[in-house]
Structure formats: structure tokens, C-alpha cells
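J.: Going by the numbering used here, the sequence shown opens with residue 1, and the numbers climb by one from there. Even for Gly, the Cβ is constructed at its ideal location relative to N, Cα and C. Below you will find the structure I want to go over with you.
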Amino acid sequence: MCLFCRIAHREAKARIVYEDPDVVAFHDIHPQAPTHVLVIPRKHVASIDAAQDDDEAVLGKLLLRAGSIARELGLQRGGYRIVINTGEDGGQSVDHLHAHLLGGRRMRWPPG
Ligand code: 5GP
Ligand code: ZN
């Protein structure tokens with residue numbers, strides 16, 4: 001099982017902020033903003049590139065839950081950023097699809 005599958009199964013420790021049958025969210029171990037939460041599907045999908053047509057509902061829920069978690073954390077007041085790194089040039093280091101939810105500071109553009 002990959003690291004994020006183990007977190008989803010509570011076999012590896014994480015500070016979980018939200019979970020339901022489809023999605024788990026937990027604080028990133030190396031936060032890049034005052035709030036930095038990773039939102040993952042329970043289903044192991046390696047990346048956006050590996051996602052299939054039948055993952056449509058999984059991907060939809062991932063983004064909808066990221067939005068509702070952002071509201072629960074109060075991030076919608078100042079705004080926030082959702083990032084999905086994909087592949088080597090995209091900066092993906094864990095091969096289980098995850099959306100970074102970042103907030104609590106002013107984001108820069110373009111990203112590094
Ligand atoms: P990526 O670089 O793949 O877009 O993002 C992976 C993220 O997972 C990184 O921000 C990294 O800090 C985080 N991460 C890596 N290992 C762990 C871990 O064991 N626990 C938690 N909570 N986050 C992790
Ligand atoms: Zn996995």
C-alpha cells in the first residue's frame with residue numbers, strides 16, 4: 001500500500017481534518033502556508049494522468065470536498081489555492097492523487 005493509502009486506512013499517522021467514504025483530508029507534514037491540507041480520494045489513483053473516465057465522480061468529489069473543507073477552515077474569507085502537482089516536472093512526489101489546499105497567506109503567481 002502507498003503512503004497515502006496507509007494514511008487513509010489509518011495505518012500511518014496524520015492529522016486528519018475530514019473524512020467520508022470517498023475522501024480523506026489531513027495536514028501536510030511540511031506546510032507551505034499557515035493552512036496546508038492534502039485532500040485525497042480513498043481510492044488509489046496515482047495521478048491526474050492515471051485517472052480514467054470512471055474516476056469522474058471521484059475527481060468531482062475531491063474538488064467539491066476541498067471547497068467545503070476550505071469553508072470549514074474559514075479560508076474562503078481571504079481566498080485560497082488548490083494545486084494538483086502531476087508528474088516529475090509538475091513536482092509530484094507522492095504517487096497517490098492529492099489536491100493541496102493552501103491558505104492563510106497571499107499566494108504568488110506564477111508559481112515556482
Ligand atoms: P506532492 O509533492 O506530491 O505534490 O505533494 C506531496 C506532499 O505530501 C508534500 O507536500 C509533502 O510534504 C507531503 N507529505 C509527504 N509525506 C507525508 C507524510 O508522511 N505525512 C503527511 N501528512 N504529509 C506528507
Ligand atoms: Zn495510494
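How far does the alpha helix (DSSP H) with residue 12 in it reach, from first residue to last?
T.: Segment: none, residue 12 is in no alpha helix (DSSP H) and carries neither H nor E.
J.: Which partner residues of residue 81 appear in the DSSP bridge assignment?
T.: In the DSSP output, where bridge partners are listed per residue, residue 81 has 102.
J.: Just verifying my parser: in three-state terms, what is the DSSP assignment at residue 17?
T.: Residue 17 falls in the strand class under three-state DSSP.
J.: Flag this pair as yes or no: are the beta carbons of residue 28 and residue 38 separated by less than 8 Å?
T.: Yes, these two residues count as a Cβ contact at 8 Å.
J.: I'd like to confirm something about residue 48: is its beta-carbon nearer than 7 Å to some heavy atom of the ligand 5GP, or not?
T.: Checking every heavy atom of the ligand 5GP against the Cβ of residue 48, none is found closer than 7 Å.
J.: Going by the CB atoms, is the gap between residue 33 and residue 105 shorter than 8 Å?
T.: Contact: yes.
J.: Judging by CA-CA distance, which residue of 112, 81 and 5 is the nearest neighbour of residue 22?
T.: Among 112, 81 and 5, the Cα nearest to that of residue 22 is on 5.
J.: For residue 101 and residue 57, which I take to be in contact (beta-carbon distance under 8 Å), what is that distance rounded to the nearest angstrom?
T.: No, residue 101 and residue 57 are not in contact; Cβ-Cβ is about 20 Å, not under 8 Å.
J.: Run the Cβ filter for me: residues under 5 Å from any heavy atom of the ligand 5GP, listed in the order they occur in the chain.
T.: The answer, residue by residue, is 14, 28, 29, 30, 85, 92, 93 and 94.
J.: Taking only heavy atoms of the ligand ZN into account, decide whether any of them is closer than 7 Å to the Cβ of residue 4.
T.: Under cutoff, so the answer is yes.
J.: Under 8 Å between the Cβ atoms of residue 82 and residue 66?
T.: Closer than 8 Å, so yes.
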